[in-house]
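Input: a single structure, listed below in structure tokens.
Number of protein chains: 2
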Amino acid sequence: MPRKIRQRNTGDAADFPPPTSSGYLVRDAHRAFQRLLERRIAPYGVTRGQWYFLRVLWTTDGLSQRELSARVGMMEPTTVIALRSMERSGLIRRVRARDDRRRVQVFLTAKAKRLRAELLGVARRITEEAEHGLAIGELSVFRRVITRMTANLDQIEK
Amino acid sequence: MPRKIRQRNTGDAADFPPPTSSGYLVRDAHRAFQRLLERRIAPYGVTRGQWYFLRVLWTTDGLSQRELSARVGMMEPTTVIALRSMERSGLIRRVRARDDRRRVQVFLTAKAKRLRAELLGVARRITEEAEHGLAIGELSVFRRVITRMTANLDQIEK
DNA sequence: TCCCATTGCATAGATTTCTAAGTATTATCC
DNA sequence: GGATAATACTTAGAAATCTATGCAATGGGA
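So this is what it looks like as structure tokens:
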């Protein structure tokens, strides 16, 4: 992902200038987080797509593919592809549930479990670097605001 | 893009629980913004990829592909593909610069210019909906914090 | 002036994501 | 108990993105 060249704010309110739009600011921040995360987990042979699933499975192992899709926020076909790559990399095993043979449960391998502490450390470090120079109070306002924005948008149907 | 099922915060600090991590919150918000934007510009036949380029060109028409790539924050091959689709949709013309025949300048068509006011309105409305119920002071802290986070991360090389 | 590095764009191929439709298993209802 | 619906996953195909490489035009130094 390339770093972005920032446009100067034109100050023309009628134009709805990007640099003051929340959505725009969120996109930029998101890209910055992704870029760094991607670069730092790559040495472990883990991609960003895999990261999201690991993150959930480290907390709750043995979920079905459908449950995983919902928690990670990806469509099921995407999950199939991601899990396939994780199986190839030896990060997960897929086990057909005995009580309901439609379900496939996903379990972390020992390898994936060993990566946990280190990779969560990577994420924690990125967060610290992002928050550097910001006061606790500011961060708490930030969290409240962005959570509310997400909730506001999520509740809109169309 | 599917809506995400949220995990409850386990409260286990050692686990670095997602719901309190800035990066996590930013990702969720980003997805919410994208989902809505995508849905609302689709009726105009504009995709999210095209949107970013329109946004820049509405401000500064006639940029080269390289300049556009930098401002939008995409790699040049991605720009080639996006611009090709925009040309097919009649949103832009590509004109080889006379003084330097390597450069291709990108100009908006009348159609794209006509879409400007309406589509910027769509973006503005999404912002308003996202910010609903939040105080000016909170929003201003939010903007300062997220801008600083992006700057913090962008300045890290590795 | 001519060679070679630089610049601007394009192509090739891989990956990741989506939507739409298909298959296998289980549950429901008469 | 058997037809039908619902559920869980998979496949197919398109779009968008990246990295690596190639091609054409330009510029700089001997």
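Going down the list, the sequences are from chains A and B.
Take the first sequence: its position 35, counting from 1, is numbered 35 in the numbering used here, and each next residue is one higher.
Take the second sequence: its position 123, counting from 1, is numbered 123 in the numbering used here, and each next residue is one higher.
Cβ coordinates follow ideal geometry from the N, Cα and C atoms, glycine included.
All of these numbers come straight from a predicted model, not from anything done at the bench.
Practice problem: Starting from B:Leu108, trace the beta strand (DSSP E) both ways and give me its first and last residue. | Solution: 104-108
Self-check item: Whole-angstrom C-beta distance between B:Arg31 and B:Met1, which should lie under 8 Å
Solution: 6 Å
Exercise. Using a Cβ-Cβ cut-off of less than 9 Å, give me the residues of the region 137-155 of chain A that come near chain B, in sequence order.
Key: Gly137, Glu138, Leu139, Val141, Phe142, Arg143, Arg144, Val145, Ile146, Thr147, Arg148, Met149, Thr150, Ala151, Asn152, Leu153, Asp154
Quiz item: Taking the continuous alpha helix (DSSP H) assigned at A:Arg31, which residues delimit it?
Solution: For A:Arg31, the enclosing alpha helix (DSSP H) stretches over residues 22-41.
Quiz item: Under a Cβ-count criterion, where at least 16 other Cβ atoms within 10 Å of its own Cβ denotes burial, should A:Ile5 be classed as buried or exposed?
Solution: Exposed, because fewer than 16 other Cβ atoms sit within 10 Å of the Cβ of A:Ile5.
Quiz item: From A:Ala13 to A:Val106, what does the alpha carbon distance come to, in whole angstroms?
Solution: For A:Ala13, the predicted model reports a pLDDT of 42, less than 50, meaning its position is unreliable; a value from the coordinates is still stated below. If I take the Cα positions, the gap works out to 51 Å.
Practice problem: State yes or no: is the C-beta of B:Leu63 nearer than 8 Å to some heavy atom of the ligand SAM? | Solution: Questions concerning the ligand SAM fall outside what the structure shown contains, since it holds no ligand whatsoever.
Exercise. Select from A:Leu91, A:Thr47, A:Ala135 the residue whose C-alpha is nearest the C-alpha of A:Gly62.
Key: A:Leu91
Quiz item: Going by the CB atoms, is the gap between B:Ala112 and B:Ser204 shorter than 9 Å?
Solution: Any answer about residue 204 of chain B is impossible in this case: the structure gives chain B only from 1 up to 158.
Practice problem: Check whether the Cβ atoms of A:Leu153 and B:Ala130 sit closer than 9 Å, and answer yes or no. | Solution: In contact: A:Leu153 and B:Ala130 (Cβ atoms closer than 9 Å).
Quiz item: In the DSSP assignment, what are the bridge partners of B:Val95?
Solution: Its beta-bridge partners are B:Gln105.
Exercise. Output the boundary residues of the alpha helix (DSSP H) element that contains B:Met1.
Key: Run containing B:Met1: none; DSSP gives neither H nor E here.
Practice problem: Name, going along the chain, the residues of the region 67-99 of chain B whose beta-carbon falls closer than 8 Å to a beta-carbon of chain A. | Solution: Ser69, Ala70, Arg71, Val72, Gly73, Met74, Met75
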